[in-house]
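Inspection log for the structure reproduced underneath, given as structure tokens.
2 protein chains.
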Amino acid sequence: MQTNQTINAARLWDSLMAMAEIGATPKGGVKRLTLTEVDKAGRARFAEWCAALGLSLRVDAIGNMFARREGRDPARPPVLMGSHLDSQPTGGKFDGALGVIAGLEVMRTLNDLGIETEAPIELVNWTDEEGSRFGHSLMGSGVWAGVYTLPKAYALRDVEGVSVEEALDSIGAKGPHKAEPFPADSYFELHIEQGPILEREGKTIGIVTGAQAQVWYDAVITGQDAHAGTTPPSARRDALVAAARVIAHVDALMRARGEEGRGTVGQLQVLPNSRNVVPGEVRFSVEFRHPADAEIAGLAESFPAEARALVEATGCRMELTELFRIPAQPFDPDCVELVRRAAAKLGLPAREIISGAGHDAVYVARRVPAAMIFTPCKDGLSHNEAESILPEEAAAGCQVLFEAVLARANRPL
Amino acid sequence: MQTNQTINAARLWDSLMAMAEIGATPKGGVKRLTLTEVDKAGRARFAEWCAALGLSLRVDAIGNMFARREGRDPARPPVLMGSHLDSQPTGGKFDGALGVIAGLEVMRTLNDLGIETEAPIELVNWTDEEGSRFGHSLMGSGVWAGVYTLPKAYALRDVEGVSVEEALDSIGAKGPHKAEPFPADSYFELHIEQGPILEREGKTIGIVTGAQAQVWYDAVITGQDAHAGTTPPSARRDALVAAARVIAHVDALMRARGEEGRGTVGQLQVLPNSRNVVPGEVRFSVEFRHPADAEIAGLAESFPAEARALVEATGCRMELTELFRIPAQPFDPDCVELVRRAAAKLGLPAREIISGAGHDAVYVARRVPAAMIFTPCKDGLSHNEAESILPEEAAAGCQVLFEAVLARANRPL
Numbered sequence: 000m001q002t003n004q005t006i007n008a009a010r011l012w013d014s015l016m017a018m019a020e021i022g023a024t025p026k027g028g029v030k031r032l033t034l035t036e037v038d039k040a041g042r043a044r045f046a047e048w049c050a051a052l053g054l055s056l057r058v059d060a061i062g063n064m065f066a067r068r069e070g071r072d073p074a075r076p077p078v079l080m081g082s083h084l085d086s087q088p089t090g091g092k093f094d095g096a097l098g099v100i101a102g103l104e105v106m107r108t109l110n111d112l113g114i115e116t117e118a119p120i121e122l123v124n125w126t127d128e129e130g131s132r133f134g135h136s137l138m139g140s141g142v143w144a145g146v147y148t149l150p151k152a153y154a155l156r157d158v159e160g161v162s163v164e165e166a167l168d169s170i171g172a173k174g175p176h177k178a179e180p181f182p183a184d185s186y187f188e189l190h191i192e193q194g195p196i197l198e199r200e201g202k203t204i205g206i207v208t209g210a211q212a213q214v215w216y217d218a219v220i221t222g223q224d225a226h227a228g229t230t231p232p233s234a235r236r237d238a239l240v241a242a243a244r245v246i247a248h249v250d251a252l253m254r255a256r257g258e259e260g261r262g263t264v265g266q267l268q269v270l271p272n273s274r275n276v277v278p279g280e281v282r283f284s285v286e287f288r289h290p291a292d293a294e295i296a297g298l299a300e301s302f303p304a305e306a307r308a309l310v311e312a313t314g315c316r317m318e319l320t321e322l323f324r325i326p327a328q329p330f331d332p333d334c335v336e337l338v339r340r341a342a343a344k345l346g347l348p349a350r351e352i353i354s355g356a357g358h359d360a361v362y363v364a365r366r367v368p369a370a371m372i373f374t375p376c377k378d379g380l381s382h383n384e385a386e387s388i389l390p391e392e393a394a395a396g397c398q399v400l401f402e403a404v405l406a407r408a409n410r411p412l
Numbered sequence: 000m001q002t003n004q005t006i007n008a009a010r011l012w013d014s015l016m017a018m019a020e021i022g023a024t025p026k027g028g029v030k031r032l033t034l035t036e037v038d039k040a041g042r043a044r045f046a047e048w049c050a051a052l053g054l055s056l057r058v059d060a061i062g063n064m065f066a067r068r069e070g071r072d073p074a075r076p077p078v079l080m081g082s083h084l085d086s087q088p089t090g091g092k093f094d095g096a097l098g099v100i101a102g103l104e105v106m107r108t109l110n111d112l113g114i115e116t117e118a119p120i121e122l123v124n125w126t127d128e129e130g131s132r133f134g135h136s137l138m139g140s141g142v143w144a145g146v147y148t149l150p151k152a153y154a155l156r157d158v159e160g161v162s163v164e165e166a167l168d169s170i171g172a173k174g175p176h177k178a179e180p181f182p183a184d185s186y187f188e189l190h191i192e193q194g195p196i197l198e199r200e201g202k203t204i205g206i207v208t209g210a211q212a213q214v215w216y217d218a219v220i221t222g223q224d225a226h227a228g229t230t231p232p233s234a235r236r237d238a239l240v241a242a243a244r245v246i247a248h249v250d251a252l253m254r255a256r257g258e259e260g261r262g263t264v265g266q267l268q269v270l271p272n273s274r275n276v277v278p279g280e281v282r283f284s285v286e287f288r289h290p291a292d293a294e295i296a297g298l299a300e301s302f303p304a305e306a307r308a309l310v311e312a313t314g315c316r317m318e319l320t321e322l323f324r325i326p327a328q329p330f331d332p333d334c335v336e337l338v339r340r341a342a343a344k345l346g347l348p349a350r351e352i353i354s355g356a357g358h359d360a361v362y363v364a365r366r367v368p369a370a371m372i373f374t375p376c377k378d379g380l381s382h383n384e385a386e387s388i389l390p391e392e393a394a395a396g397c398q399v400l401f402e403a404v405l406a407r408a409n410r411p412l
């Protein structure tokens, strides 16, 4: 790397591994569900590390943690960077943790080099990005950005009936600061890609230009249970045959949109699910994603009627419920340009990429100019205990984060 | 009905309802699982009824019950009739019970009319037709006919680990007689159709000419779990998209064979079954049935390769296990003719029909000339608490059984 201000790759990796010890699973993954005792331990370690650097910590009402390194001009709005420390139930070591620990390494490097930035810099750990426990992903950043209200978030309950507010209180994670946008200069988030594109193309850095538009559905197809041996073709209303047509259509609609298309039936349940009974009911999820709002709007317009026609041709009927539609979220061109320049300056193989997954940056971007940096993960695997990255990939991502944040914090106003 | 030897329709219905009280469910169905305390109560009531008629009861080692009415010539092999008293977990009042209770009504009518038949007549209650508890349908008739060995049947266990032999002993259902074929003249079984054909065509009697050939499979399609948002079409190996193609193909193969074709995927499981994960594995059942052995042999020849090609075109792979193949079982032409003549004599609307379901008669027919009589059931519904028939349909079926059994028992040798 062609820079004389270099992060400490070994220290970064050591801290990643130290965080991964908290909630480590036998299969090499991490189970650090939000607002549990394990999360409490992760938060505590993070807070200790921040304190050791002389950062001042603020915690807001939804548990978001902001560790501030003062700038030469404390009145300037801070440059934010970060991600999340919570994990999936059978998650990996790097999803979320990479962005937080890399931000910590940026702070450590700034300290080591005695760099005083113009603007303050704040490192953020957002609460409950995963949504695994309370069923609502991007909760901390969503409340902060005003996408959800605090009372609504507080009232969410896990499968054991524990509310978010009770869980916050039980581990002392609720802070005195309001969970709402404050003036900030920008937000940068480093994250593993969670997909195969960078690895497949041999790129080290993904310059994330925005996040996809999405539309999600619940579908219920109703036919008629019938004896598989006695019911002739003309008397069948087979809900699974109908669902198969919809699944094939979702796949075709995705492929018709080329490599940027996404269309998935991930969850499906057959009733009564007995070998010798023609299925009377099938319940399943459908989702489409695309970088262009117009594509998702078009699908939301045409898909329900097309799917219904396919289903009704089999004698079944379908209820299709649109769960939500999220517009595409382009990231801030200036922030994206800083990421692009950093990768170029460092000579790192890079490509522009659209985020297929949701990230805290997507909600933060509604309030603050934002950008993201992706690094590859092995076989594109994530939300999986086998999630794996190389130390040099983590270091490269961290160095790009350092460059972008430093440039932004020192930019002339 | 044009006969002066008429069964007592009201008494038949009363006994059907009396048997349905044993294991009655709140939704109007029956739960009389084989070899449970409830089954014991059903067997006891059956035995009392038989004793009241002066029938002599034999029980064999697998719990099959044979209630004998002596003939003028005790040396003649008996005419058998019957069905089963066990039910599905959420079964109906008539599946099985109709054939047994109608046989009882035949015995009562013979007694009332003081008829002495040439050959003896035996009424049979076969053990565990349903297979719901120990996972092996047609167990009692299968052991009797030598399709399975007694030790194999004894060793089967329910989900709580209780073996068939332990269950037999626990309710005192194991008898001293060998479970093996004895010389018998014939076997007649009255059963509800469990399908929609008779009702749709306004027929009261189904003259069952045989049972379908069948081939059953277990399929496992393996693709690759992947993030639904980040994984582009070219990188997907979606096991559910692959399964959808196989489901559509099974349906097409069925329809290509017209109204006699049967092809069903009844059971299907998606892994990991998460909304935003491209499915990495799908497990499902496939079965085909057809009256003609050649059609099933042809399907067993061609289907695996065709399905595999469809799956491999999606980048997934498939393991397909053939669980079993049962040849078509034609019933005995002379016995079938007696059913046909009885329906004609009584002026009952009738049609020939192939049994789509498995029945005790299918295994018994391997050892003894056999035939079946079907009567309609509402909406073709069976294996369901809502299973429903009309008293006059039960009576018509019982009268046909009476005519056929009487004719056979009195036939000149």
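Protein sequences appear in the order of chains A and B.
Counting along the first sequence from 1, when you hit position 220 you're at 219 in numbering that gives the first Met the number 0, and nothing is skipped either side.
Counting along the second sequence from 1, when you hit position 106 you're at 105 in numbering that gives the first Met the number 0, and nothing is skipped either side.
The beta-carbon is built from N, C-alpha and C at its ideal position, and this holds for glycine as well.
- For residue 176(B), there are no C-beta contacts with chain A under 9 Å, since the nearest C-beta of that chain is about 31 Å from it.
- In the DSSP assignment, residue 268(B) forms a beta bridge with 282(B).
- Burial state of residue 412(B) is exposed, judged by a 10 Å Cβ sphere holding fewer than 16 other Cβ atoms.
- Per DSSP, residue 193(A) lies in no alpha helix (DSSP H) segment and is marked neither H nor E.
- Sequence-distant Cβ neighbours of residue 236(B) in its own chain, meaning closer than 6 Å and more than five residues away, are 222, 223, 314 and 315.
- Cβ contact annotation for residue 182(A) (same chain, cutoff 7 Å, sequence separation greater than five): 76, in chain order.
- Per the Cβ contact rule, the region 277-285 of chain A is in contact with the region 261-268 of chain A (3 or more Cβ pairs under 8 Å).
- Looking only at 138(A), 225(A) and 37(A), the smallest Cα-Cα distance to residue 164(A) is reached by 138(A).
- With contacts defined as CB atoms closer than 8 Å, residue 322(B) and residue 168(B) fail to qualify as a contacting pair.
- The Cβ atoms of residue 359(A) and residue 104(A) do not sit closer than 8 Å to each other.
- For the options 20(B), 12(B), 30(B) and 232(B), the alpha carbon positioned closest to that of residue 384(B) is the one of 30(B).
- Shown in chain order are the members of the region 183-197 of chain B whose Cβ falls below 8 Å from a Cβ of chain A: 192, 193, 194, 195 and 196.
- DSSP places residue 221(B) in the strand class (E or B) of the three-state scheme.
- Proximity of chain B to residue 29(A) at the Cβ level (cut-off 9 Å) is not reached, the minimal Cβ distance being about 17 Å.
- With fewer than 16 other CB atoms across the displayed protein chains lying within 10 angstroms of its CB, residue 43(B) is exposed.
- Within the region 142-217 of chain B, the runs of beta strand (DSSP E) that reach at least 3 residues and sit entirely inside it are, in chain order, 185-191 and 204-210.
- Neighbours of residue 204(A) in chain B, taken as residues at a C-beta separation under 9 Å, are lacking, since the least C-beta distance is about 16 Å.
- A distance below 8 Å separates the beta carbons of residue 83(B) and residue 99(B).
- Setting aside the 5 residues that flank it on each side, residue 238(A) is surrounded in the same chain by 220, 221, 222, 278, 279, 280, 281 and 315, each with a C-beta closer than 7 Å to its C-beta; the list follows chain order.
- By the CB criterion at 8 Å, residue 247(B) and residue 243(A) fall inside the cutoff.
- The C-beta of residue 303(B) comes no closer than 8 Å to any C-beta of chain A.
- The three-state secondary structure of residue 379(B), taken from DSSP, is helix.
- Annotation for residue 162(B): 153, 154, 155 and 156 place their beta carbon closer than 8 Å to its own, counting only its chain and skipping 5 residues before and after.
- Here residue 258(B) is not near residue 290(B), since their CB atoms are 8 Å or more apart.
- Residue 309(B) has a beta carbon lying at 8 Å or more from every beta carbon in chain A.
- Under the Cβ distance rule, residue 384(A) does not count among the residues neighbouring chain B, no pair being separated by less than 8 Å.
- Look at residue 364(A): its C-beta is not under 8 Å from any C-beta on chain B.
- Only residues of its own chain outside the window of five on either side were considered, and among them 281, 282 and 283 have a CB closer than 8 Å to the CB of residue 268(A), listed in chain order.
- Not flagged as an interface residue toward chain B: residue 141(A), since no C-beta distance is shorter than 8 Å.
- Three or more beta-carbon pairs separated by less than 8 Å are not found between the region 366-386 of chain A and the region 114-128 of chain A, which leaves the two stretches without contact.
- Taking 8 Å as the Cβ-Cβ cut-off, the region 228-257 of chain A approaches chain B at 228, 229, 230, 231, 232, 233, 234, 237, 239, 240, 242, 243, 244, 246, 247, 250, 253, 254 and 257, given in chain order.
- Within chain B, no C-beta atom comes less than 8 Å from the C-beta of residue 222(A); the nearest is roughly 12 Å away.
- The region 379-399 of chain B makes contact with the region 188-195 of chain B: 3 or more CB pairs, one atom from each, lie closer than 8 Å.
- Secondary structure of residue 294(B) (DSSP, three-state): helix.
- The bridge partners DSSP lists for residue 261(A) are 288(A).
- Relative to the Cα of residue 201(B), the nearest Cα in the group 348(B), 249(B) and 62(B) belongs to 348(B).
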